[in-house]
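Using our numbering, the first residue of the sequence shown is number 46, and each one after it goes up by one.
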Amino acid sequence: MGEERVKLASSQGKNEMRNFVRQLLNDVDAFEYMLDNNWFEDDIKCIGAEQELCLINKHYKPAYKAMDILKDFHPEWLTTELAQFNLELNLKPQVFEGDAFSKMESELRKNLELVNKVAAKHDTRILLTGILPSLRKFDLGMEQLTPKPRYHALMTALRKMRGTDYELRLDGIDELNILHDSPLLEACNTSFQVHLQVAPQNFVKLYNIAQAITGPTLAMCTNSPVLFGKRLWHETRIALFAQSIDNRKSKDHLRHKSSRVNFGNNWLDKSILEIYKEDILRFRILLGADIEQNSLESLKKGKTPKLQALQVHNGTVYRWNRPCYGISPNGKPHLRIENRVLGAGPTVLDEMANTAFWLGAMEGMADQVDDIRNHMSFDDARDNFMKGARSGMDCKFTWMNNKKIAARDLTLEVLLPMARHGLEKYNINTADIDKYLGVIEERAKKHMNGSRWILQTFSKFQKETHKDESLTALTAAIYHNQKQSKPAHEWPLPELNDFLQYDPSQLLVEEFMNTDIFTLHKDDLLEFASTLMHWSDTAHMAVEDQKGNLVGLVSSKQILKHFAQKSNSKKDTVVSDVMDKNPQTVTQQMKIIEVIKLMKDQNLKMVPVVKGKELIGVISERNFVNMSKRLIQIMNKS
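1) Alpha carbon to alpha carbon, what distance is there between ALA389 and THR174?
2) Mind listing, in chain order, the continuous beta strand (DSSP E) runs of no fewer than 3 residues lying wholly within the stretch 289–354?
3) Touch check for the stretch 655–671 and the stretch 558–566: three-plus C-beta pairs under 8 Å?
4) How do the stretch 127–141 and the stretch 172–191 stand: do at least 3 beta-carbon pairs fall below 8 Å, yes or no?
5) So, at 7 Å on beta carbons, what are the nonlocal neighbours of ASP297 in its own chain, with the 5 sequence-adjacent residues on each side left out?
6) Please determine, among SER504, HIS534, SER575, GLN527, the residue with the shortest C-alpha to C-alpha distance to GLU540.
7) Is it true that the stretch 70–82 meets the stretch 316–324, where meeting means three or more beta-carbon pairs spaced less than 8 Å apart?
8) Mind checking which residues open and close the beta strand (DSSP E) that includes HIS167?
9) Is it the case that the Cβ atoms of SER530 and THR392 are separated by a distance below 7 Å?
10) Counting along the chain, where does the beta strand (DSSP E) carrying ILE101 start and finish?
11) Go ahead and label ASN494 buried or exposed: buried means 16 or more other beta carbons lie within 10 angstroms of its beta carbon, across all protein chains shown.
12) When the Cβ atoms of the stretch 459–477 are set against those of the stretch 416–424, are three or more pairs found closer than 8 Å?
13) Name the DSSP bridge partner or partners of VAL663?
14) Taking 7 Å as the threshold (C-beta atoms), are GLY371 and HIS379 in contact?
15) Note down, in chain order, each residue of its chain lying with its Cβ closer than 7 Å to the Cβ of ARG300, except the 5 sequence neighbours on either side.
16) Considering only residues of the stretch 167–245, which uninterrupted alpha helix (DSSP H) runs meet the minimum length of 4 residues and lie entirely inside it, listed in chain order?
17) Looking at the strands, I want to know which residues DSSP matches up with LYS636.
18) With DSSP run on the structure shown, which of helix, strand or coil describes LEU159?
19) Which residue marks the beginning of the beta strand (DSSP E) containing GLU142, and which one marks its end?
20) Could you tell me which whole alpha helix (DSSP H) segments of length 4 or greater appear in the stretch 423–449?
21) So, using beta-carbon positions, are LYS554 and VAL654 closer together than 7 Å?
22) Three or more C-beta pairs under 8 Å: does that hold for the stretch 431–444 against the stretch 96–116?
23) I'd like to know whether the C-beta atoms of VAL163 and ASP117 end up nearer to each other than 7 Å.
24) DSSP puts LEU609 in a beta bridge; with which residues?
25) Mapping the DSSP letters down to three states, classify PHE669 as helix, strand or coil.
26) Could you tell me the boundaries of the alpha helix (DSSP H) in which GLU462 lies?
27) Suppose only complete runs of 4+ residues qualify. What are the alpha helix (DSSP H) ranges in the stretch 456–533, listed by chain order?
28) According to the Cβ coordinates, are ARG381 and GLN242 closer than 7 Å?
29) First and last residue of the alpha helix (DSSP H) that includes TYR109?
30) What are the residues that DSSP puts in a beta bridge with ILE372?
31) Could you have a look at LYS626 and say whether DSSP puts it in helix, strand or coil?
32) Please list the terminal residues of the continuous beta strand (DSSP E) segment that includes ASN131.
33) By DSSP, does GLU408 sit in helix, in strand, or in coil?
34) Anyone know if the C-beta pair for LEU552 and ILE641 falls short of 7 Å?
35) Return helix, strand or coil for ALA401, following the three-state DSSP convention.
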């Protein structure tokens with residue numbers, strides 16, 4: 046959403062909002078007029094891309110330095126993103142021919158290096174990854190929102206429409222179920238968005254093909270399986286983006302409502318306008334703007350309109366294949382399809398391979414298939430998309446004519462030959478075709494891409510140390526492998542200490558606490574409590590109520606003391622009879638160093654972690670023993 050001078054729709058006066066709506070309808074009419082009267086550029090085909098990136102500090106954690114970097118360095122191709130630990134690069138459009146991909150890769154590498162040099166002055170590094178593994182939930186507070194009016198307006202609008210906290214539910218190898226108070230969860234996602242310019246007469250056919258190949262393309266390119274230390278979908282960004290800004294509320298009926306992040310509801314039939322009209326029909330206007338230009342008046346003067354109102358509304362609806370309107374340097378309007386499913390990284394070479402694969406497959410299929418709707422149902426295309434996101438290259442698709450085929454087989458047998466044909470059709474250099482499609486081929490043969498490497502590495506690290514060090518070491522391994530420019534399928538599985546001198550001194554409780562805990566209720570029999578503590582091999586257990594609020598702490602020492610003094614009374618003894626009703630607690634934002642001092646001074650073996658009254662974790666002596674073991678191992682190897 047590039048329009049800076051937007052306003053929250055609910056904050057505008059009735060006349061302002063009505064004027065915006067009139068301009069929105071005028072834009073649709075103007076768009077239709079330009080389509081009917083052949084205003085659009087159709088004699089050239091260009092490609093382009095947007096690179097989103099993460100900013101990290103020397104400890105491989107998010108660095109909130111975007112505005113500082115932009116203050117020092119602000120070329121027109123560098124801009125903000127939603128959170129202050131992200132930036133975005135915009136690449137120049139390239140004519141889809143010859144060395145277009147080489148030029149794009151060269152420009153991207155050059156611009157990344159320029160940003161990296163400026164970032165280094167702020168003790169910051171840049172990282173390309175779909176979701177930053179070391180990202181923590183507290184990095185997503187509204188204070189980390191980029192301080193620009195359009196971002197504040199969008200967040201406020203989504204929160205008002207939602208009316209409640211945002212619930213994120215995801216499962217894969219692990220399960221994640223959290224609440225967050227803002228849509229800023231969306232800032233976890235970092236993408237490499239690819240654009241293809243399309244002539245109006247070919248838009249319907251190519252858009253439908255883009256939908257059909259989205260799932261299989263995504264499956265080979267997944268790169269974001271870990272969020273907050275949980276192993277989830279192979280491309281967790283897909284579900285995370287949809288849920289993070291979903292303003293729908295649960296109802297007791299079955300009325301259909303689309304998410305603002307969506308794949309679509311059907312094939313395109315006659316024109317691109319079907320998408321814009323459907324999005325106006327389905328989604329309330331969140332943002333308005335002062336429109337400087339009446340699009341219909343511009344047409345009368347023979348001038349191409351900016352369609353500002355339509356652009357603002359389109360910027361608040363997020364289709365995975367999004368239609369885009371633009372004006373070329375020659376003043377003619379043009380149409381583009383924007384692919385939003387590809388994650389950033391794991392290397393520039395991987396990103397360029399993904400780009401060539403998607404564009405080539407789309408253009409190759411356009412030559413070989415008359416109308417994809419005659420060979421595949423829309424439901425299968427959408428189902429393939431979700432399968433690709435969930436399981437990556439491990440999944441099986443329903444392909445054309447109801448054929449069931451594994452993702453890797455579909456890639457090797459169908460899509461790669463098709464992509465090669467599509468690139469050859471536009472005279473892309475043979476060396477570049479071999480280079481970029483060769484990366485995809487090797488991924489399929491080796492059964493390895495970014496997400497599989499991350500999952501294997503993180504699972505390996507988790508067996509050796511605690512969650513924070515695992516995530517930090519994983520981030521460090523991605524960063525250092527990325528600098529070598531080898532594609533991810535060539536990355537060896539690292540050792541825990543290969544790239545990281547771990548320093549836990551600045552850790553916060555939230556990064557270190559144990560959240561997989563067993564608890565008691567105050568009315569539990571003491572014999573039951575004693576048995577559970579024995580089974581779980583723990584000397585302390587937190588006591589919580591039905592709402593998850595902490596109400597006490599019981600220790601094996603207290604239980605032993607009770608049984609040693611037990612009288613002949615027949616009264617049942619319960620946990621509340623012996624528990625500490627006012628235990629010492631800590632909060633998630635305290636530093637571990639402070640907790641160590643507290644536990645030492647008060648001779649505490651375990652402390653519950655609370656948010657308000659709610660029990661959210663525990664810190665025990667065992668945590669620190671394990672940390673000490675790791676530090677001794679590191680010292681012995683250094």
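The beta carbon of each residue, even a glycine, is placed where N, CA and C say it ideally should be.
Since the structure is predicted, the reported quantities are computational estimates derived from the model, not experimental observations.
Based on what the coordinates show:
1) 5 Å
2) 332–334
3) yes
4) yes
5) Its pLDDT being 49, under 50, ASP297 is placed unreliably by the model, and nothing is read from it.
6) SER504
7) yes
8) Counting along the chain, HIS167 falls outside any beta strand (DSSP E), and DSSP gives it neither H nor E.
9) yes
10) 91–101
11) buried
12) no
13) ASN559, PRO653
14) yes
15) A caution first: ARG300 carries a pLDDT of 49, below 50, which makes its placement in the model unreliable, though a value can still be read off. Counting only Cβ-Cβ distances below 7 Å, and skipping sequence neighbours, we find nothing.
16) 194–207
17) LEU553
18) helix
19) GLU142 -> no beta strand (DSSP E), and no H or E assigned at all.
20) 423–436
21) It is worth fixing the name first, because residue 554 is Val in this sequence and not Lys. Yes, Cβ-Cβ distance for VAL554 and VAL654 is below 7 Å.
22) no
23) yes
24) The displayed chain sequence assigns Ala, not Leu, to residue 609. Answer is none; ALA609 lacks a bridge partner.
25) helix
26) The residue you asked about is not Glu; residue 462 is Pro in the sequence shown. Where PRO462 is concerned, the enclosing alpha helix (DSSP H) stretches over 461–470.
27) 461–470, 475–491, 495–507, 512–529
28) yes
29) It is not in any alpha helix (DSSP H) - TYR109 carries neither H nor E in the DSSP assignment.
30) PRO378
31) coil
32) 131–135
33) helix
34) no
35) helix
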